[in-house]
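Residue numbers (my numbering): 35 to 417.
Glycine included, each C-beta is placed from N, C-alpha and C at the ideal position.
Please read all numbers here as calculations on a predicted model, not as lab measurements.
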Ligand SMILES: [Zn+2]
Ligand SMILES: [Zn+2]
């Protein structure tokens with residue numbers, strides 16, 4: 035019998051993909067020598083005349099954005115997929131296989147306000163975003179087998195425009211990640227007679243230690259198998275196959291949960307928290323998807339502060355995913371934060387605390403020239 039087995043190096047199985055993540059909790063006991071830089075807040079105008087997503091502005095293809103007052107959807111002017119690509123096997127050799135693939139890409143503006151993010155919006159303001167996600171999946175799902183709804187937020191995630199927006203890429207094939215999840219969910223359903231993620235949610239509710247936020251309809255969990263330091267999984271409490279299947283109360287509940295969870299993320303390092311957020315629902319054809327459960331993944335790269343991100347290098351690239359801070363520690367950190375956004379606090383007084391308990395920064399620990407950890411920096415912010 036191993037004492038405190040989860041204090042020891044161990045691998046955890048991602049039941050949703052069938053892949054493992056290697057957890058090294060003992061590394062968090064090492065001193066941290068990286069640099070923590072106070073994160074200067076940036077103020078943005080409500081409308082930016084140079085922004086190609088703001089209402090009334092002209093986009094790169096010379097089209098004029100309408101004066102929209104909630105959400106706005108348009109076909110991406112620089113689409114990765116093309117609608118009219120003919121389908122063909124263009125393999126050159128059994129080891130040089132390829133197919134042409136058709137698809138389409140759209141952009142969704144979440145708000146006309148250039149200075150907003152989902153984390154700064156109210157549940158009432160987020161609800162139209164939930165509706166447009168569902169409507170887009172219903173619309174594109176009539177033609178395309180897979181509709182990937184996602185948001186890349188922040189420079190560090192490669193998002194060049196700060197205007198609150200997301201994307202949809204629709205295609206006639208199921209991509210790698212949902213394809214793995216399909217196999218695992220159908221296998222579990224066949225063997226156990228119930229959806230994998232509903233059984234998983236029940237286990238998390240029983241244990242409680244990885245749940246970050248919840249309401250009558252939704253759960254947000256740092257999953258048992260999380261790879262990114264503060265990764266979360268969002269799912270409804272009942273079985274729902276796709277976003278358009280959510281009823282009105284569930285859509286309100288999702289808007290509420292997103293507001294609360296994303297405020298916690300921003301509060302963690304008192305920064306506009308970068309992430310990739312995306313939805314996985316059952317594919318849009320007549321296949322057997324009885325084991326599927328709608329869910330969203332949020333993959334934030336930050337590890338230690340507003341400027342220190344986790345790198346997926348070395349062992350991750352060559353062997354398998356690895357993390358130091360345990361999912362339980364990450365969930366506790368997020369759970370301990372207020373759900374009031376720090377920029378909405380009554381006097382906007384911000385304590386940019388960088389003295390929180392320090393998980394080790396992998397990849398930086400031997401950079402001797404970096405200054406030691408600063409204590410606490412206090413700033414006053416206004417919005
Ligand atoms: Zn804008
Ligand atoms: Zn998924």
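Open item on the list: Which residue marks the beginning of the beta strand (DSSP E) containing residue 245, and which one marks its end?
Closed with: Here residue 245 corresponds to residue number 211 of the chain shown, with the count starting at 1. Annotation: the continuous beta strand (DSSP E) that includes residue 245 extends over 245-248.
Task: C-alpha gap between residue 388 and residue 367, whole angstroms - done: By 1-based counting over the chain shown, the position of residue 388 is 354. By 1-based counting over the chain shown, the position of residue 367 is 333. The pLDDT assigned to residue 388 is 32, lower than 50, so where the model puts this residue is not dependable, and the model offers no usable value.
Task: Same chain, Cβ closer than 7 Å to residue 105, five either side skipped, listed in chain order - done: By one-based count along the chain shown, residue 105 stands at place 71. Result list for residue 105: 142, 143, 144, 162, 163, 166, in chain order.
TODO: Use the C-beta contact count for residue 424: other C-beta atoms within 10 angstroms, 16 or more gives buried, fewer gives exposed.
DONE: Lying before the first or after the last residue shown, residue 424 is absent from the chain, which here runs from 35 to 417.
Task: Three-state secondary structure (DSSP) of residue 387 - done: For the purposes of this step, residue 387 is taken as the residue at position 353 of the chain shown. Bear in mind that a pLDDT of 36 at residue 387, under 50, signals an unreliable position, so the number given afterwards is only what the model happens to contain. Residue state, collapsed to three classes: strand.
- [ ] Compare the C-alpha of residue 46 against each of 282, 356, 380, 327 and name the closest.
- [x] Here residue 46 refers to the residue found at position 12 when the chain shown is read from its first residue. With distances taken between Cα atoms, residue 46 lies closest to 356.
Task: Selection from 292, 87, 202 that minimises the alpha carbon distance to residue 194 - done: Taking the chain shown and counting its residues from 1, one reaches residue 194 at position 160. Closest in C-alpha terms to residue 194, from the list 292, 87, 202, comes 87.
TODO: Would you please state the rounded distance, in angstroms, between the beta carbons of residue 138 and residue 117? I believe it to be under 8 Å.
DONE: Position 104 of the chain shown, counted from the start, is the residue given in the question as residue 138. Position 83 of the chain shown, counted from the start, is the residue given in the question as residue 117. Between residue 138 and residue 117, the beta carbon gap of about 5 Å places them in contact (Cβ cut-off 8 Å).
TODO: Assess, as a yes-or-no matter, whether the stretch 295-315 is touched by the stretch 323-341 under the definition of 3 or more beta carbon pairs within less than 8 Å.
DONE: Contact between the stretch 323-341 and the stretch 295-315 is present, because at least three Cβ pairs lie under 8 Å.
TODO: Using the beta-carbon of each residue, find all residues closer than 6 Å to any heavy atom of ligand 1 and list them in chain order.
DONE: The filter returns 82, 85, 87, 88, 148, 197, in chain order.
TODO: Hey, could you find the ends of the alpha helix (DSSP H) residue 212 is sitting in?
DONE: Locating residue 212 in the chain shown gives position 178, counting from the first residue. Counted as a single uninterrupted DSSP element, the alpha helix (DSSP H) harbouring residue 212 occupies residues 210-226.
Open item on the list: Taking the alpha carbon of residue 276 as the reference point, which residue from 114, 174, 124, 103 has its own alpha carbon closest?
Closed with: As a position in the chain shown, residue 276 is number 242, starting the count at 1. Comparing Cα positions, the closest option is 174.
- [ ] Run the CB neighbour count on residue 131, radius 10 Å, all protein chains shown included, and call it buried at 16 or more, exposed below.
- [x] In the chain shown, residue 131 corresponds to position 97, counting from 1. That one is exposed.
- [ ] Would you check if the distance between the CB atom of residue 189 and the CB atom of residue 78 is smaller than 8 Å?
- [x] In the chain shown, the residue the question calls residue 189 occupies position 155. In the chain shown, the residue the question calls residue 78 occupies position 44. Going by C-beta atoms, residue 189 is not nearer than 8 Å to residue 78.
Task: Lining residues of ligand 2 - beta-carbon closer than 7 Å to any non-hydrogen atom, in sequence order - done: Cβ-based neighbours of ligand 2 within the cut-off: 50, 211, 212, 215, 314, 329, 331.
Open item on the list: Three Cβ pairs or more, each shorter than 8 Å: is that satisfied between the stretch 249-268 and the stretch 280-296?
Closed with: Flag = yes, the stretch 249-268 and the stretch 280-296 touch.
Task: Unbroken beta strand (DSSP E) run spanning residue 332, endpoints - done: One-based indexing of the chain shown puts residue 332 at position 298. Boundaries of the beta strand (DSSP E) harbouring residue 332: 329-333, taken from the DSSP string.
TODO: Specify whether the stretch 50-64 and the stretch 205-219 touch according to this definition: at least 3 beta carbon pairs, one from each stretch, less than 8 Å apart.
DONE: Counting C-beta pairs closer than 8 Å gives three or more between the stretch 50-64 and the stretch 205-219, which meets the contact rule.
Open item on the list: To the nearest angstrom, how far is the alpha carbon of residue 340 from that of residue 244?
Closed with: Within the chain shown, the letter at position 306 stands for residue 340. Within the chain shown, the letter at position 210 stands for residue 244. Approximately 23 Å, taken between the alpha carbons.
TODO: Give me the Cβ distance between residue 181 and residue 213, rounded to the nearest whole Å; I'm assuming they're in contact under 8 Å.
DONE: On the chain shown, residue 181 is found 147 positions in, with the first residue counted as 1. On the chain shown, residue 213 is found 179 positions in, with the first residue counted as 1. Between the beta-carbon of residue 181 and that of residue 213 there is about 15 Å, and that puts the pair past the 8 Å contact cut.
TODO: Within its chain, find whatever has a CB closer than 8 Å to the CB of residue 98; leave out the 5 residues flanking it on each side and keep chain order.
DONE: Here residue 98 refers to the residue found at position 64 of the chain shown. Around residue 98, the same chain offers 90, 91, 92 as residues with beta carbons nearer than 8 Å, after the five sequence neighbours per side are excluded.
- [ ] Return helix, strand or coil for residue 238, following the three-state DSSP convention.
- [x] In the chain shown, counting from the first residue as 1, residue 238 sits at position 204. In the structure shown, residue 238 adopts helical secondary structure according to DSSP, grouped into three states.
Open item on the list: For residue 102, which residues in the same chain have their Cβ closer than 8 Å to its Cβ, ignoring the five residues on either side in sequence?
Closed with: Residue 102 sits at position 68 when you count from the first residue of the chain shown. Hits under 8 Å: 89, 143, 146.
- [ ] Determine which residues share a DSSP beta bridge with residue 202 and list them.
- [x] Numbered from its first residue, the chain shown carries residue 202 at position 168. 140, 183, per the DSSP bridge assignment.
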